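Encoded as structure tokens, the structure appears first; notes follow it.
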Amino acid sequence: MVQRFVHSRVANEAVADDIVQETLVRMLVAVERVEPGILEPYAIVTARNLVASMWREQERHRRNQHRIVDLRGPDSPDESLLEQEDRGAVAEALGRLSERDRRTLVAHEVSGQDTQSLAEELGVTAGAVAAQLNRSRARLRVEYLLALEPGGSVTDRCRPVLFAMSSGDRRRQREVDAARHLLECALCEKLSQPLLARGQRSDDQVRIRIHADADIVLARQSAREVAARLEFPRTDLTVIATAVSEIARNIVRFTEGGEVVVELLEEPRRGVRIVARDTGPGIPDVEAALVDGYSTYHGLGLGLPGARRLMDEFAVVSEVGRGTTVTMTKWRQEG
Ligand SMILES: [Zn+2]
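Here the numbering used here is used: the first residue of the sequence shown is -15, the next is one more, and so on.
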């Protein structure tokens, strides 16, 4: 369906394939957070969005996405403008929370007060505080994105829909008929992208479970996105993405499953670290497996030496019968 839709609108085969793949990746990220009835309209609005705005607009969204959690200092005059816009949006979004939600969120996120002591203060359970914090964060994300869209025409239906999307609450999405609203409202169509594409992303770390081929694409994509935050050169982004897909492919082909964790490093050096773990059969002779042409482990040797060449640091720890952990790092060349 997505393929037909995109290819009927984009002449360039390669670009069309990119858009189809990007759409599918987003569907995969969103699939656990939306009710099944939304998937089809969401696929169509996603593809339509990508076709309409191609990459420029997407870059901006990606930026907004990480600006929600990333408030590091500005690097350039351009950054500084964005930073100002960002602070304003955060302030405006905070102002839209209830007094109680705002105070709790700030006490927790800014002052570092833990949920237990907040619970005692508020006379509720720690679980209730955690739930309140989650709701407040979901609301803050919505208000933040709305504040960055000053021209957008917000109707009474937009906030309930966006909030249900932001909190990943499927029942609520059904109740407010989010599927239908997404197709009718240009603003929500646009904002649903950064809200849902967040996936399991936390601040500076992304964890992707690896079970099927589709997970390889997701791991590859996530590694590229995380590395892009450090403004790695384009060629390095491709190198990192390729190394990650080699490692993830091994997990899919030779083990029951595993995970890939992509992590940003800031101190003392900037870089990206990827840790891939599986619970597979393990590698009897790691030294041999790192030599080109080694293939007794069903061709694993083709992927490992390749990934090692692409990265700056590379380590394999493996135990036969228990599994393998590959840790690899790419450093950002400074200056
Ligand atoms: Zn709307």
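Using N, Cα and C, we set each Cβ at its ideal position, and we do this for glycine too.
Quick caveat, the model's predicted, so the values are computed rather than measured.
Residue side-chain check: residue 171 places its Cβ nearer than 6 Å to a non-hydrogen atom of ligand 1.
Secondary structure in the stretch 234 to 315: the alpha helix (DSSP H) runs of 4 residues or longer, each lying completely within the stretch, are 270 to 273, 284 to 294 in chain order. A distance of 7 Å or more separates the beta carbons of residue 241 and residue 308. DSSP places residue 157 in the uninterrupted alpha helix (DSSP H) bounded by 154 to 159. According to the DSSP assignment, residue 190 belongs to no alpha helix (DSSP H) but to the beta strand (DSSP E) extending over 189 to 194. From the listed residues 149, 165, 200, the smallest Cα separation to residue 179 is found for 149. Using a Cβ-Cβ distance cut-off of 8 Å, the stretch 158 to 165 and the stretch 130 to 150 are in contact, since at least three pairs of beta carbons, one from each stretch, lie closer than that value. Taking 8 Å as the upper bound for CB-CB distance, residue -3 and residue 154 are not in contact here, some 36 Å apart. No residue range can be given for residue 169, since it is assigned to no alpha helix (DSSP H) and is classified by DSSP as neither H nor E. Comparing alpha-carbon positions, the option among 27, 104, 203, 15 lying closest to residue -12 turns out to be 27. Per the Cβ contact rule, the stretch 234 to 253 is not in contact with the stretch 215 to 223 (fewer than 3 Cβ pairs under 8 Å).
Classified as exposed, residue 317 has fewer than 16 neighbouring CB atoms from the shown chains inside 10 Å of its CB. Burial check for residue 199: the Cβ neighbour count within 10 Å reaches 16 or more, so the residue is buried. In the three-state reduction of the DSSP assignment, residue 215 falls in the coil class, being assigned neither a helical nor a strand state. DSSP places residue 83 in the uninterrupted alpha helix (DSSP H) bounded by 83 to 93. Short of 7 Å from the beta carbon of residue 206, and not among the five residues preceding or following it, lie these beta carbons of its own chain, in chain order: 190, 192, 246.
In this chain, the alpha helix (DSSP H) harbouring residue 150 covers 142 to 150. Rounded to the nearest whole angstrom, the CA to CA distance from residue 204 to residue 15 is 18 Å.
Under the Cβ criterion (8 Å, minimum of three pairs), the stretch 162 to 177 counts as touching the stretch 136 to 146. In this structure, residue 273 places its C-beta atom within 7 Å of the C-beta atom of residue 288. Excluding residues up to 5 positions away in sequence, 266, 267, 270, 308 lie with their Cβ nearer than 6 Å to the Cβ of residue 302 in the same chain.
Counting every other CB atom within 10 Å of its CB across the protein chains shown gives residue 306 a total below 16, marking it as exposed. Judged by DSSP in its simplified three-state form, residue 221 adopts helix. In this chain, the alpha helix (DSSP H) harbouring residue 111 covers 110 to 131.
Nearest C-alpha to residue 120 among 92, 299, 140: 92. Around the Cβ of residue 195, a 10 Å sphere holds fewer than 16 other Cβ atoms; the residue is exposed. In the assembly as shown, residue 310 is a buried residue. Its beta-carbon has 16 or more other beta-carbons within 10 Å. Excluding residues up to 5 positions away in sequence, 239, 240, 241, 242, 306, 307 lie with their Cβ nearer than 8 Å to the Cβ of residue 263 in the same chain.
Secondary structure at residue 100: helix, using DSSP grouped into helix, strand and coil. If you ignore the 5 residues before and after residue 97, its C-beta comes within less than 7 Å of the C-beta of 91, all in its own chain and listed in chain order. The Cβ-Cβ distance between residue 132 and residue 73 falls below 7 Å. Note on geometry: alpha-carbon atoms of residue 23 and residue 11 lie some 7 Å from one another.
Residue state for residue -10 is assigned as helix, using DSSP reduced to three classes.
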